[in-house]
Amino acid sequence: MKEKLEKIRSEALAKIEESLDMDKLNEIRVAYLGKKGELTEVLKGMRNVSPEDRPKVGQMVNDTRAAIEAKLEETKNAFAAKMREEQLKAEVIDVTLPAKKTKVGHSHPNSVALDEVERIFIGMGYEVVEGPEVEYDYYNFEALNIPANHPAKDEQDTFYINKDIVLRTQTSPVQVRTMEKQKPPIRVIAPGRVFRADEVDATHSPCFHQIEGLVIDKGITFSDLKGTLAEFAKELFGPETKVKFRPHHFPFTEPSAEVDVTCFKCGGKGCRMCKGSGWIEILGCGMVHPKVLRMSGIDPEEYSGFAFGVGLERIALLKYEIDDMRLMYENDDRFLKQF
Ligand SMILES: [Zn+2]
């Protein structure tokens with residue numbers, strides 16, 4: 252019996268010694284200490300041991316079991332330590348690697364252009380005001396001298412919420428709201444989002460931005476308008492910039508004009524940017540129509556004023572030489588971070 256136990260013990264210890272992983276250790280545990288293991292078989296043979304020898308043999312079986320368990324435990328710990336070490340080696344931190352950069356947000360070209368335009372007009376004493384994007388038909392059209400049968404009211408151009416409420420098609424309703432609220436002198440710009448039922452292409456979007464300007468005071472004339480916009484163009488596109496006023500028609504101004512600036516790229520000689528003409532159209536403007544003044548509670552006999560509207564995207568596209576308006580709305584980081 253004693254020999255048998257010693258044989259089991261030395262065999263088990265040798266096998267543990269040779270084992271290479273946890274799985275093998277478990278196999279050995281089952282083979283020797285399990286319910287059908289070799290040591291258990293020996294215990295079953297206790298029946299044949301004389302009663303006086305039983306305590307001694309029992310002690311020997313326990314010692315054997317303890318020795319095997321101790322060796323298993325020791326080897327298991329060694330394996331665990333080795334695995335941890337290997338893991339640490341594999342996960343070692345290379346402190347010489349460059350750190351991950353935190354991405355910091357960036358102003359959109361529209362915002363950069365708007366900041367610039369606001370800076371110029373605030374410098375001339377203007378106040379920045381805002382108005383609602385969901386607007387009454389009255390403010391968007393009627394109060395701006397655009398009667399019910401006017402083509403600008405065509406449902407193809409305007410998003411109607413219902414027959415009285417629209418998504419504003421221009422920032423001009425802010426003119427009316429300002430005149431209703433404020434007594435002249437008025438000197439404001441109103442930047443904001445506007446909406447038109449346009450298909451998306453390189454120069455159109457159903458949602459874009461305008462900046463409206465309005466000045467009302469006693470004795471305001473067309474030459475004030477010209478001087479203001481000439482100064483604006485110089486500030487925005489450079490001191491050599493010249494402006495040209497072409498007669499035009501807008502329902503809410505009379506007389507009305509469209510304004511071109513000399514091409515800042517070629518200085519007016521003609522290039523790809525200005526399509527060879529030397530001029531680039533930038534905005535529409537005019538003297539506020541007496542009917543518009545009167546509807547907003549301002550006496551056109553006492554006061555006069557001018558208004559202008561400029562597309563913010565148009566400024567940004569020109570200034571940064573972007574040839575496709577769609578780029579402005581795609582949120583492509585590679586595009587946006589250039590400005
Ligand atoms: Zn040019």
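For the sequence shown, the working numbering assigns the number 252 to the initial residue and increments by one for each residue that follows. Each residue gets a CB set at the ideal place from its N, CA and C atoms; glycine is no exception.
Per DSSP, what kind of secondary structure is residue i in: helix, strand or coil?
{"i": "Arg497", "result": "strand"}
{"i": "Phe586", "result": "helix"}
{"i": "Ile416", "result": "strand"}
{"i": "Tyr554", "result": "coil"}
{"i": "Leu534", "result": "strand"}
{"i": "Phe483", "result": "helix"}
{"i": "Gln426", "result": "helix"}
{"i": "Asp405", "result": "coil"}
{"i": "Phe559", "result": "strand"}
{"i": "Tyr580", "result": "helix"}
Between which two residues does the alpha helix (DSSP H) containing residue i stretch?
{"i": "Ala441", "result": "Careful: Ala441 lies outside any alpha helix (DSSP H), inside the beta strand (DSSP E) at Ile437 to Phe446."}
{"i": "Tyr377", "result": "That residue, Tyr377, is in no alpha helix (DSSP H); it is neither H nor E in DSSP."}
{"i": "Tyr390", "result": "Asp388 to Asn391"}
{"i": "Gly464", "result": "Run containing Gly464: none in the alpha helix (DSSP H); it sits in the beta strand (DSSP E), Cys458 to Asp468."}
{"i": "Tyr283", "result": "Met273 to Leu284"}
{"i": "Gly309", "result": "Arg305 to Ala341"}
Assuming residue i is part of the beta strand (DSSP E), what are its boundary residues?
{"i": "Glu505", "result": "Thr504 to Thr513"}
If you compare alpha carbons, which of the options is closest to residue i?
{"i": "Gln461", "options": "Asp345, Leu569, Met297 and Leu563", "result": "Leu563"}
{"i": "Pro490", "options": "Ile416, Gly518 and Pro383", "result": "Gly518"}
{"i": "Val539", "options": "Pro442, Gly382, Ala394 and Gly478", "result": "Ala394"}
{"i": "Glu325", "options": "Ser423, Glu268, Thr315 and Glu532", "result": "Glu268"}
{"i": "Phe586", "options": "Phe515, Ser358 and Pro506", "result": "Ser358"}
{"i": "Asp408", "options": "Ala399, Thr420, Ile397 and Pro398", "result": "Thr420"}
{"i": "Pro442", "options": "Arg280, Leu578 and Phe559", "result": "Phe559"}
{"i": "Val561", "options": "Asp511, Lys469 and Met524", "result": "Asp511"}
{"i": "Pro435", "options": "Ser261, Gly478, Ser547 and Glu532", "result": "Ser547"}
{"i": "Met311", "options": "Phe501, Val380, Asp366 and Arg260", "result": "Arg260"}
{"i": "Lys570", "options": "Pro360, Lys253 and Lys526", "result": "Pro360"}
Could you round the C-beta distance between residue i and residue j to whole angstroms and report it? I think they count as a contact, below 8 Å.
{"i": "Lys322", "j": "Leu271", "result": "Going by Cβ atoms, the distance from Lys322 to Leu271 rounds to 15 Å, so no, they are not a contact pair."}
{"i": "Glu386", "j": "Val417", "result": "6 Å"}
{"i": "Arg497", "j": "Glu509", "result": "5 Å"}
Subject >> Heavy atoms of ligand 1 versus C-beta positions, residues under 5 Å >> reply: Cys514, Lys516, Cys517, Cys522, Met524 and Cys525
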